[in-house]
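Novice: The structure under discussion is supplied below as structure tokens; questions concerning it will follow.
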Amino acid sequence: MKRLLDVLREDCRLTGTKEGCGEGECGACSVIVDGEVVNSCLIPVCQVEGSSVTTVEGLALNDQLSPLQRAFLEYGAAQCGICTPGMLMSAHALLLRRPHPIRNQILEAIAGNLCRCTGYTKILDAIAAVSSGNINKPDQSE
Amino acid sequence: MQKFEYVSPTTKEQAVALLGENWGDVEVLAGGTDLLSLMKDYITTPRRVVNLKGIAALSGVRYSASGLRLGALATFDDVLSNTAVRRNYPAIWAAVEGVTSPQIRAMGTVGGDLCQRPRCWYYRAGYGLLAKDETGHALVPDGDNRYHAILGHNSGAYFVNPSSLAPALIALAAKIGVYGPKGARQVDAAEFFRAPGGDGEREYQLSPNEIVTEVLVPAPGGMKNATYEVRQREALDWPLASASVALKLTGRNVGAARIALGHVAPVPWRAGAAESALVGKAVTEQTAAAAAEAALADAKPLSRNAYKVQLARVAVKRAILAAAG
Amino acid sequence: MAEYKWPEADKRVHLGKRISRIDGPEKVAGRAKYAYDINRPGMLFGKIVRSPYAHAKITSIDTSAAERIPGVRAVKIIQGPGTEIQWAGDEIVAIAAVDEGAAEDAARAVKIEYERLPHLVNEQDRSSIPDSALIPTAESVVGDPAKAFSEADVTVEGVYGNEVITHCCLESHGQIAEWTDENNVLLHPSTQSVSSVGGQLAQSLRIPAGNVHVKMDHIGGGFGSKFQIDRWGVECANLSKLAGGKPVKLMLERDAELTVAGVRPSIRARVKVGAKKDGTLTAWESETWGTGGQGGFGTLPVPYVWTGIPNQRKNQTTVKTNTGPARAWRAPNHPQVCLITMAALDDLSAELKMDPLDFFIKNIAMTGVRAKVYEEELLKAAEMIEWKKNWHPRGEGGAGPIKRGLGLSIHTWGGGPHASDCDLTIHPDGAVEVKMGTQDLGTGTRTVLRIVAAETLGLPLDAVKVMIGDNRFPVSGSSGGSTTVGGISSSTRRASTDALNQLLAKVAPDLNAQADQLEAVGGRIQVIGDSSRGMTWKQACAKLGTQPLTVRGKQPGQGTLASSGVGGAQMADVSVDIETGVVKVNKFVAVQDCGLVIDEKTAESQVFGAMIMGVCFSLYEERIMDDRTGRVLNPNMEFYKLAGIGDVGEMKVHFMKGPGYDDRGVIGLGEPPTVSPGAALSNAVANAIGVRVGTLPMTPDRVLAALARKGGSNAKI
């Protein structure tokens, strides 16, 4: 049996989606299926027949990083980078529903993603910057 | 993971016809948040997996004058986004909100929440539901039981029921709709769960060829209700103890009460003594604390989980105070 | 002769600015490739059969059924009959098959019989540990502790500890190995040691060291656990050989990652400290023990930072347990000894009824040469968290069940530069490349290389191409001990300086000047201070003719570009629900020095990350061993708990910079800020609830138990 995660990574060679824990705790494998963010490690691929799946590779348009990706870059929200695709997908799902989330809504949207390095502070800043339209203003120290 | 046959019926009749006579032979898949891990770790090795997601009749959240219907396939998100649930059944809403991962909320279902298997780490390591080693020695009583039961473990099952919804459903006198070869039946939520006697049994009152189809919650009828969970983290984390309370109030006075605890026993734990302690009294910090005391009067903590008695008391007290508003 | 030094503050163009990491675009696009993302043609999947027992002798192994499973290409016994296994999860048999399913089926078909032997997996209870498992260290005495304690006005004694934790890298350990011909191996590892891991593998495979080609672009976390080739790395290459050289991917599953791929040793301690009425610290006595599996963990530096306490008596014992081996974990030993030291001193200040900030500053001279730095850092941190306004005496955390408190700690680390070679190439078309056999753990290594080269050559950042992650590039040290940034920045500065000087010599005649009268600024070569007498960088490089110019820069080398030894202060503000024992972090501030900051943005990320990791091990993380089965009970991310984004509170970081700091050169930063969180948070909790929660993580059960000892404030609700 192949999980959606395996099909994405091995058959589609879309290795941006990562496996962290393999049981839905860490969110590294997050992708968007029909508009909702899910853990692709918990989905048998046959269960998503006919669904639309968006992975991190689908965020950029014509090789132009999306505002969210640019914010992650500008605010230093990626460190080792292995949790980053999952974080981006959770944040993307949030912004699809709610373009201007407040701080608590961001915290709730990222509650299913763990970072070990850990860049939570910067991840929050980056998503907040997209929410407030400030991604082109340089981030500030302190 | 062992190979299996995957089938995706579109009606409940087809689904039950595909189920087996014995537990474990066939497993039911809905949100997948538990089943895939169990299969990956060879805790269950079904020859067939029946995907229920294609059965449209099992989905949806509907509120009407007669009450609330949660389809077995309704996701946590479906429940959370329903304003009638939030307004009338805060006990249910808060229980679902406690599942903090958006991913799990999008995938996890009502039926799956009720039928998920225990999180006991001995069970998940392959020592069986009753957690015995190869010599038959029970591992929990003198092992690391910090997350195990403090009530209702006389039968030898020491795990705690992991359902988020069950305590709230019991407090709200909900019924669980079941469908099998003999047709549909309803079970009181309070009667749905059981402590199994061994690995050939399950933790709920279903036959191997039955599925949960829906949950029916009576109209609130003025029952004020709330859930309080003690969780350590904001990240996805199981409650260490939880309590759901439904109160019929006249002013501050309690006319009727239903109280159920989660994560303290192999079944969601109805706290009759706490209900009795509260009925006829005004809800205050003191009466809520006294009810909480009564709820845990029979607690028998294991070697490492006495702290859970305290946490369960706090959950009961805070849920009562929250319900009373 | 070139002079190697960093530019003065007013001359810095990139150095010390806030620059986004240069590998950020590929990371946010999902294009960054980690070992586990590598797919090679014909690749096989490896699996390892592990011991289910913590201590056992292997009596027989039968792999015949596994070998018959379709798709299996190699089966290798790693540890044969007769071997004594010392921890559950140890590697017994390795298998490679055409897909993961076949490998897993084969792994399950291997039959191994064991003779079980008694095991010890927990060491909390000192009295139950057999003598055979104890390795004592000789007692160490300074001054006259007995006399000092007898003359002390105030003495406190406490028990402190921190459970074993794991590294829990989000990308597990593992690699892809393949024999490209019968003498050469291509290895794609997840490693902190690009330049040395190939040699380690070659030695095990008995091939020349140069015959292992190592390539790694990205690594998904290491934290000290990924320095070695590891047995699974060697066996991965062995499987490939058995399978005719086909690539084999072998990554650890999450449960193996948390069982065998490294832990930080626990610490348990009884500490007694004494002081005079006026708060002068006079005496220290400690008895410490802990476990990191079968091995030891060196002599613990206690009392931590306060090395100048005049009278000390110290005893240390290592406990050998049948558990997965310890590895370096971000600042090895420091977080544990920091906890027991700062907590004991905080308890002493509470007994003295002194504000611990005043107590620390009063005794700060006992911290030695960096006393002044600690004092400045403490005062800065106090300002950031408004210590004087928010601090209250211990236990006066307010009415109601939620108690608030503040805690502090100070720490130190070395962080001197490792050895590093850098090749800098200037091409006749103006292109610049930096090549180095180093690795970027997400710390910003690539970005630092680019900043240093661009700064030195007077170029924009994107003019410098950085190539790392290949052991055919010049050798650079492993990324451990916070040694990388000092090493790589120094070798790159020297290479860039020398290359520039050679280029200047080439173009000097054209500008009618001496080479030492020229400078590289703003993408031009010009006479110092005279932009009218110059040429563009491209024009200058064209003077090289047809041959590119490559210069090797080395660390160590002439001049001092990096040094060692930092301080740091952290302060935490927490809330504790005394009815549930749940601790929440409100605010957490860090003040850190690290010499010259090269990129403030990635530097800041290091500190935030360290603080948050600190929150994880202070509140949530512990490896839980089962006494009877000898197994890890929580080898998953469900019960091996890490903080989520909503658990970390508000964080602030301040770097000590400018005169007195910048002129020390570059000093490593990855580890020091991960040292203090345990102590700062533990002290904050004690301040909030009026009693010490002795052992980390401060889970509800431990907090409630501490409160119960205090007098049953939580016995009833």
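Protein chains in written order, with this note's numbering: chain Y, 969 to 1110; chain X, 131 to 455; chain W, 88 to 804.
All residues carry an ideal CB built from backbone N, CA and C; glycine is no exception.
All values reported here derive from a predicted model rather than from experimental measurement.
1. Look at the Cβ atom of Val136 of chain W, then the Cβ atom of Ala181 of chain W, and state whether they are nearer than 9 angstroms.
2. From this set, W:Gln262, W:Pro412 and W:Gln601, which residue's C-alpha is nearest Leu345 of chain W's C-alpha?
3. Looking at the strands, I want to know which residues DSSP matches up with Asp434 of chain W.
4. Please list, in chain order, the residues of the region 1003-1033 of chain Y that have any C-beta partner in chain W closer than 8 angstroms.
5. Under 7 angstroms Cβ to Cβ from Lys262 of chain X, same chain only, skipping five residues before and after it: list those, please.
6. Tell me whether Asn123 of chain W sits in a helix, a strand or coil according to DSSP, three-state version.
7. Nearest-angstrom Cα distance between Asp124 of chain W and Val672 of chain W?
8. Would you kindly work out how many angstroms separate the C-alpha atoms of Leu274 of chain W and Ala264 of chain W, rounded to a whole number?
9. Do Gly311 of chain W and Ala415 of chain W have their C-beta atoms within less than 9 angstroms of each other?
10. Which residues bound the beta strand (DSSP E) around Cys509 of chain W?
11. Could you tell me if Asp192 of chain W is buried or exposed, where buried requires 16 or more neighbouring beta carbons within 10 angstroms of its beta carbon?
12. Using the Cα positions of Lys378 of chain X and Leu149 of chain X, report the straight-line distance between them to the nearest angstrom.
13. On the three-state DSSP scale, how would you describe Asp133 of chain W?
14. What are the residues in the region 199-232 of chain X lying within 8 angstroms of chain Y by C-beta distance?
15. Please go through the same chain and pick out, in chain order, the residues whose beta-carbon is closer than 7 angstroms to the beta-carbon of Arg127 of chain W, but skip the five residues on each side of it.
16. Quick check on the DSSP output: the beta strand (DSSP E) that includes Asn152 of chain X runs from which residue to which?
17. Residues of chain Y with CB closer than 8 angstroms to the CB of Asn723 of chain W, please, in chain order.
18. Which term fits Val735 of chain W, buried or exposed, when burial requires 16 or more other beta carbons within 10 angstroms of its beta carbon?
19. Hey, which unbroken runs of the beta strand (DSSP E) at 3 residues or more fall wholly within the region 283-345 of chain X?
20. Please list the segments of the beta strand (DSSP E) lying wholly inside the region 213-274 of chain W, counting only runs of 3 or more residues, in order along the chain.
21. Sorted by chain position, which residues of the same chain lie with C-beta nearer than 6 angstroms to Tyr193 of chain X's C-beta, five sequence neighbours on each side aside?
22. Drop a sphere of 10 angstroms on the beta-carbon of Asp680 of chain W, count the other beta-carbons inside from all chains shown, and report buried for 16 or more, exposed for fewer.
23. Quick check: the Cα distance between Cys1083 of chain Y and Gln416 of chain X, rounded to an integer number of angstroms?
24. On the three-state DSSP scale, how would you describe Ile1070 of chain Y?
25. Put Asn770 of chain W into one of helix, strand or coil per three-state DSSP.
26. For Ala147 of chain X, which residues in the same chain have their Cβ closer than 6 angstroms to its Cβ, ignoring the five residues on either side in sequence?
27. Would you mind working out which of W:Gly632, W:Ser507 and W:Asp660 sits nearest Gly644 of chain W, comparing C-alpha positions?
28. Which residues in chain W sit within 9 angstroms of Leu1041 of chain Y, going by Cβ to Cβ distance?
29. Can you give the beta carbon distance from Glu464 of chain W to Gly655 of chain W, rounded, assuming they're within the 8 angstroms contact cut?
30. Looking only at DSSP bridge pairs, what is Met554 of chain W linked to?
31. Spell out a yes or no on whether the region 995-1006 of chain Y and the region 225-233 of chain X are touching, meaning 3 or more CB-CB pairs, one atom from each, closer than 8 angstroms.
32. What residues are listed by DSSP as bridge partners for Asn355 of chain X?
33. Does any C-beta atom of chain Y lie closer than 9 angstroms to the C-beta of Asn126 of chain W?
34. What residues from chain W crowd round Arg981 of chain Y, counting only those whose CB sits closer than 7 angstroms?
35. Please state whether DSSP places Asp749 of chain W in a helix, a strand or coil.
36. If you follow the beta strand (DSSP E) that Ser662 of chain W is part of, which residue opens it and which one closes it?
Specialist: The short version:
1. yes
2. W:Pro412
3. Asp434 of chain W pairs with nothing; no bridge assigned.
4. Interface annotation for the region 1003-1033 of chain Y against chain W: Thr1023, Val1024, Glu1025, Leu1027, Ala1028 and Leu1033, criterion Cβ-Cβ distance under 8 angstroms.
5. If we look at Lys262 of chain X and ignore the five residues flanking it on each side, its Cβ neighbours are Ala268 and Leu269.
6. A small correction: the amino acid at residue 123 of chain W is Tyr; Asn does not occupy that position in the sequence shown. Three-state result, Tyr123 of chain W: helix.
7. 36 angstroms
8. 5 angstroms
9. yes
10. Ser507 to Ile513
11. buried
12. 41 angstroms
13. In the sequence under discussion, the amino acid at residue 133 of chain W is Gly, which differs from the Asp named in the question. Three-state result, Gly133 of chain W: strand.
14. Asp207, Thr230, Ser231 and Pro232
15. Ile263, Glu265 and Pro334
16. Segment: none, Asn152 of chain X is in no beta strand (DSSP E) and carries neither H nor E.
17. Cys989, Glu991 and Glu993
18. buried
19. 305-310 and 313-318
20. 221-229, 241-249 and 261-268
21. Ala214
22. buried
23. Cys1083 of chain Y and Gln416 of chain X: Cα-Cα distance of roughly 43 angstroms.
24. Here Ile1070 of chain Y sits in coil by DSSP.
25. helix
26. Contacts found: none.
27. W:Ser507
28. Ser107, Arg108, Gly111, Pro112, Lys114 and Val115
29. Between Gly655 of chain W and Glu464 of chain W the Cβ distance is about 6 angstroms, and since that is below 8 angstroms, they are a contact.
30. W:Lys522
31. Because the criterion of three Cβ pairs below 8 angstroms is met, the region 995-1006 of chain Y and the region 225-233 of chain X touch.
32. X:Ala376
33. yes
34. Those are Asn126, listed as they occur along chain W.
35. helix
36. DSSP places Ser662 of chain W inside the beta strand (DSSP E), whose first and last residues are Val653 to Asp664.
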